[in-house]
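For reference, the structure discussed in these notes is given below.
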Amino acid sequence: MVESYIKQHFENVGDRFPEVARAIYYGIEEERNIYGNASKDEMKELIDEGIPVVPLPKIDDIEN
347 MVESYIKQHF
357 ENVGDRFPEV
367 ARAIYYGIEE
377 ERNIYGNASK
387 DEMKELIDEG
397 IPVVPLPKID
407 DIEN
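Numbering-wise (my numbering), the sequence shown opens with residue 347 and increments by one.
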C-alpha cells in the first residue's frame, strides 16, 4: 500500500536525491514529491540545512 502510493505520487530521482532535494528547496527546480537514495551523511547534511526529509526503507524492499 505505501509502496504503490509512493510510486504513483512521487518521482524516483535515485542517487541524485540530495542534489534534487536541494534544488527544489532553494527554488532552482519545480516543487514536487521525490524519493531516492542518500547516505546517512547526506541525510544529516540535508537536515542541517533545514531541508525536510524522511528516511524510508528502500521501496523495492517493502513487502506488501
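Cβ coordinates follow ideal geometry from the N, Cα and C atoms, glycine included.
Query: Tell me whether the beta-carbon of residue 371 lies closer than 9 angstroms to the beta-carbon of residue 388.; Result: no
Query: Taking the alpha carbon of residue 412 as the point to measure from, which residue in 390, 373, 367 and 385 has its own alpha carbon closest?; Result: No answer is possible for residue 412: it lies beyond the span of the chain, which begins at 347 and ends at 410.
Query: Mark residue 351 as exposed unless 16 or more other C-beta atoms lie within 10 angstroms of its C-beta, in which case mark it buried.; Result: exposed
Query: Whose C-beta lies closer than 6 angstroms to the C-beta of residue 359 among residues of the same chain, with five residues either side of it excluded?; Result: 366, 380 and 382
Query: What's the gap between the Cα of residue 404 and the Cα of residue 376?; Result: 24 angstroms
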